[in-house]
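A short write-up of the structure that comes next.
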Ligand SMILES: [Zn+2]
Ligand SMILES: [Zn+2]
Ligand SMILES: [Zn+2]
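Written out as structure tokens, the structure is:
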């Protein structure tokens with residue numbers, strides 16, 4: 213458990229984390245309001261402000277169901293705020309969100325999703341459907357740990373294994389003609 217977590221964020225997730233070890237649990241994406249609250253708390257615990265713009269960017273990220281680029285988010289935030297918001301500003305905020313573990317970046321899609329576990333660090337696995345663009349987010353840390361130990365065995369210091377699997381989701385598979 214990272215030590216930067218505030219008691220507030222910890223208690224919010226304590227019930228969810230319970231006695232399970234990190235590698236044995238899954239996170240269901242909380243409702244948007246709850247997730248925004250948890251994100252705001254995590255940011256404040258790091259001494260980061262939760263400004264109107266940051267809240268709007270996070271809200272847009274939650275509202276856009278599929279992984280979103282900074283441009284997608286900027287588009288929606290501009291609509292919501294009724295003024296033009298540059299993708300560059302959104303990009304900087306999204307990178308801050310990633311650094312604070314309240315959003316995750318899917319590197320192979322150049323896109324972002326809200327983090328279902330702002331209070332918990334994982335080597336997240338993404339299953340990306342190339343047909344419909346949906347992304348499933350799994351937390352099975354044994355895979356990341358294997359990758360880390362292989363890298364360590366080479367005298368390499370692994371910081372962040374990326375595990376992104378492209379393919380077809382179950383829904384698209386079922387809709388494919390025989
Ligand atoms: Zn977790
Ligand atoms: Zn995860
Ligand atoms: Zn699909």
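Residue numbers (this note's numbering): 213 to 390.
Note that CB positions come from ideal geometry on N, CA and C, so glycine has one too.
As the structure is a computational prediction, the values presented were derived from the model and not from experiment.
Cβ-based burial, residue i [other Cβ within 10 Å; buried from 16]
i	result
residue 293	exposed
residue 306	buried
residue 253	buried
residue 326	buried
residue 369	exposed
residue 361	exposed
residue 377	exposed
residue 255	buried
residue 247	buried
residue 356	buried
residue 386	exposed
residue 233	Confidence at residue 233 is low in this model, with a pLDDT of 40, below 50, so the placement of that residue should be treated as unreliable; the coordinate-derived value is given next. With fewer than 16 Cβ atoms within 10 Å of its Cβ, residue 233 is classed as exposed.
Per-residue DSSP class, three states only, for residue i
i	result
residue 476	Shown here, the chain extends from 213 to 390; a query on residue 476 therefore has no answer.
residue 346	coil
residue 332	coil
residue 297	coil
residue 351	coil
residue 261	coil
residue 369	coil
residue 273	helix
residue 255	helix
residue 312	coil
residue 306	helix
residue 247	helix
residue 385	helix
residue 288	helix
Beta-carbon spacing of residue i, residue j below 8 Å
i	j	result
residue 349	residue 323	no
residue 330	residue 267	no
residue 315	residue 273	yes
residue 309	residue 270	yes
residue 321	residue 279	yes
residue 381	residue 344	yes
residue 341	residue 351	no
residue 375	residue 347	no
Beta carbon proximity, residue i to chain C, threshold 8 Å
i	result
residue 252	The displayed structure is made up of one protein chain only, and chain C is not part of it.
Paired residues, beta bridge with residue i - DSSP
i	result
residue 341	379
residue 323	318
residue 280	324
Problem set entry | Any heavy atom of ligand 3 within less than 7 Å of residue CB: hits in chain order | My final list is 341, 343, 344, 346, 380, 381, 383 and 384.
Problem set entry | Test item, CB below 5 Å from any non-hydrogen atom of ligand 1 | The set of residues with a C-beta under 5 Å from any non-hydrogen atom of ligand 1 comprises 329 and 332, given in chain order.
Problem set entry | Heavy atoms of ligand 2 versus C-beta positions, residues under 5 Å | In chain order, the qualifying residues are 334, 336 and 351.
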